[in-house]
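First comes the structure, then the notes that go with it.
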Amino acid sequence: MLDYDKLISDRAARMRPSGIRRFFDLVAEMPECISLGVGEPDFQTPWDIRDAAINSLETGRTKYTANAGLKELRTEICAWLKRKYGIEYTENETLVTVGGSEAIDLAIRALVGPGDEVIIPEPCFVCYDPITTLTGGVPVPVATNEENEFRVTAEQIKAAITPKTKVLVLGYPNNPTGAVLRHEDLEAIAEVLRGTDIIVLSDEIYSELRYGETHESIASFEGMKERTIVVNGFSKTFSMTGWRLGYAVGPRPIIAAMTKIHQSCIMSAPTTSQYAAISALKDCEDDVEYMRKQYDLRRQYCVRKLNEMGLHTFEPKGAFYVFPNITSSGMTSDEFCEALLQKKHVAIIPGNAFGACGEGYARISYAYSIDHLREAMKRIREFLEEIRGE
163 MLDYDKLISD
173 RAARMRPSGI
183 RRFFDLVAEM
193 PECISLGVGE
203 PDFQTPWDIR
213 DAAINSLETG
223 RTKYTANAGL
233 KELRTEICAW
243 LKRKYGIEYT
253 ENETLVTVGG
263 SEAIDLAIRA
273 LVGPGDEVII
283 PEPCFVCYDP
293 ITTLTGGVPV
303 PVATNEENEF
313 RVTAEQIKAA
323 ITPKTKVLVL
333 GYPNNPTGAV
343 LRHEDLEAIA
353 EVLRGTDIIV
363 LSDEIYSELR
373 YGETHESIAS
383 FEGMKERTIV
393 VNGFSKTFSM
403 TGWRLGYAVG
413 PRPIIAAMTK
423 IHQSCIMSAP
433 TTSQYAAISA
443 LKDCEDDVEY
453 MRKQYDLRRQ
463 YCVRKLNEMG
473 LHTFEPKGAF
483 YVFPNITSSG
493 MTSDEFCEAL
503 LQKKHVAIIP
513 GNAFGACGEG
523 YARISYAYSI
533 DHLREAMKRI
543 REFLEEIRGE
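Residues are numbered in the working numbering as their position in the sequence shown, beginning at 1, plus a constant of 162.
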């Protein structure tokens, strides 16, 4: 019999498995479960987008596109980024990918080799660490904390830099905490990086889900465009998760290297999704604003209810997650989430799935209807009352 443990590459074996998927598997066995675990908008994709996709099929536009994506789509992406965030790119500095996740993967693989270090502020999206490991790179986690609203500081980044540092990942607005970086935070980080050869991988997939302030990209700061890859996409902003479409913009030599990898592994992003995305960028500003307002209402509701229950929750300023502190329960993150799932059939994600410093917290997605959230909050309150003996 084959020994598959010996056949699987060491790097693949060392990859950290997703702490989220384990809970998805448990939820699949509980049809009555209320899941607040998935970062997926509950809104339908806006009609203009769906109509553009249908039209592309009816007119037979179903062939491969250019490897980098439809030129018209890349032109619209550049126009959108300039209009929204004041950052200017050309079509040759733009790559359309299969979701933002592929863009992250391509960027890390294009830049990171064995022994290269990647600074990763945590808690964070689960893919940065395993992709770095797969390239032979070394993840360097930097712990953020609730006292500083889970914002990484320039001082922390400076302290983590070594001669082997190749990439800094900035995932803000943040998944799982909802944290954002302010203008002064970004300026201080930019000051640390100017004059270095460190590339910033700026994951801005939640850029349009900011509450109270407009998003700023670190690429817009002096001296940073030349050392920043901006990753974004259509899943969160336009409720297009299943369409699997994202993009990266950045220095032309790096985008060219990413495109070479993309050519060999993917060839091109889905054609129908690309035609739909053109409509998203041109026609759907009102839809985006409506969804953002609804998320804001849900955000305020969840923060208020969780704090009333005694689960201290700082007010997130972006994305669609809250990150309550569950230490008052006397349980670890895993214990709390597993017990809540088994006793009350509510699924949320342990904070330590997003890095060691997430221990003592849990991620709750509010990308669900208010009725869905209301029932979930009722069950969480009942669960806490039971374990406290109230």
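Glycine included, C-beta positions come from ideal geometry on N, C-alpha and C. Since the structure is predicted, the reported quantities are computational estimates derived from the model, not experimental observations.
Assigned secondary structure, residue i (DSSP; H/G/I helix, E/B strand, else coil)
| i | result |
| --- | --- |
| Gly520 | helix |
| Arg212 | helix |
| Arg406 | coil |
| Val354 | helix |
| Val393 | strand |
| Thr421 | helix |
| Pro301 | strand |
| Leu468 | helix |
| Asp359 | coil |
| Lys387 | helix |
| Asp573 | With the chain covering only 163 through 552, there is no way to say anything about residue 573. |
| Thr327 | strand |
| Thr306 | coil |
| Arg153 | No information on residue 153 is available, as it lies outside the stretch 163 to 552 that the chain covers here. |
| Leu257 | strand |
| Asn217 | helix |
| Phe204 | Before going on, a small fix: residue 204 reads as Asp here, not Phe. The answer is coil: DSSP assigns Asp204 none of H, G, I, E or B. |
| Ile440 | helix |
| Tyr251 | coil |
| Pro283 | strand |
| Ser197 | strand |
| Asp448 | helix |
| Tyr290 | helix |
| Gly262 | helix |
| Glu378 | coil |
| Ile416 | helix |
| Met192 | coil |
C-alpha distance - residue i paired with residue j, whole-angstrom precision
| i | j | result |
| --- | --- | --- |
| Phe312 | Leu164 | 46 Å |
| Ile417 | Ala381 | 15 Å |
| Pro338 | Val329 | 21 Å |
| Phe545 | Leu473 | 12 Å |
| Asn394 | Arg550 | 43 Å |
| Val314 | Thr256 | 28 Å |
| Glu537 | Leu348 | 39 Å |
| Ile249 | Gly492 | 47 Å |
| Ser426 | Leu468 | 47 Å |
| Ile423 | Glu470 | 50 Å |
| Val354 | Val331 | 14 Å |
| Pro512 | Tyr463 | 21 Å |
| Glu497 | Thr489 | 11 Å |
| Ile216 | Ala230 | 23 Å |
| Ala438 | Ala321 | 44 Å |
| Ala350 | Ile323 | 15 Å |
| Lys479 | Lys168 | 46 Å |
| Phe485 | Ala410 | 28 Å |
| Tyr247 | His377 | 7 Å |
With 16 other Cβ atoms within 10 Å as the buried cut-off, status of residue i
| i | result |
| --- | --- |
| Ile282 | buried |
| Ser527 | buried |
| Asp213 | exposed |
| Glu384 | exposed |
| Asp533 | exposed |
| Asn307 | exposed |
| Gln436 | buried |
| Val198 | Inspection of the sequence shows that residue 198 is occupied by Leu rather than by Val. Result: buried. |
| Gly222 | exposed |
| Glu194 | exposed |
| Leu235 | buried |
| Leu459 | exposed |
Option nearest residue i by Cα separation, candidates the options
| i | options | result |
| --- | --- | --- |
| Gln456 | Glu220, Tyr530 and Phe287 | Tyr530 |
| Ala442 | Glu548, Ile239, Ser171 and Ile211 | Ile211 |
| Val274 | Ser495, Met420 and Gly222 | Met420 |
| Ala175 | Ile293, Lys225, Ile428 and Thr399 | Ile293 |
| Ser379 | Gly340, Lys398, Pro335 and Trp405 | Pro335 |
| Thr207 | Ala305, Asn310 and Trp405 | Trp405 |
| Glu388 | Tyr251, Lys244, Gly201 and Gly199 | Tyr251 |
| Ile428 | Val200, Glu264 and Leu235 | Glu264 |
| Met192 | Leu502, Ala228 and Tyr247 | Leu502 |
| Gln318 | Thr327, Pro325 and Ala305 | Ala305 |
| Tyr483 | Tyr523, Val300 and Arg461 | Arg461 |
| Thr390 | Phe400, Thr358 and Thr227 | Thr358 |
Strand pairing of residue i, partner residues [DSSP]
| i | result |
| --- | --- |
| Glu548 | Beta-bridge pairing links Glu548 to no other residue. |
| Pro512 | Ala524 |
| Glu346 | DSSP, once it has assigned bridges, lists no residue as partnering Glu346. |
| Asp267 | Partner(s): none; Asp267 has no beta bridge. |
| Leu332 | Ser364 |
| Val484 | Ile526 |
| Arg372 | Gly480 |
| Val411 | Thr256 and Val392 |
Residue i: CB within 8 Å of a non-hydrogen atom of the ligand ADP
| i | result |
| --- | --- |
| Pro276 | The ligand ADP is not part of this structure, which contains no ligands at all. |
Residue i at chain D interface by Cβ criterion, 9 Å
| i | result |
| --- | --- |
| Ala230 | Among the chains of the structure shown, chain D does not appear; only one protein chain is present. |
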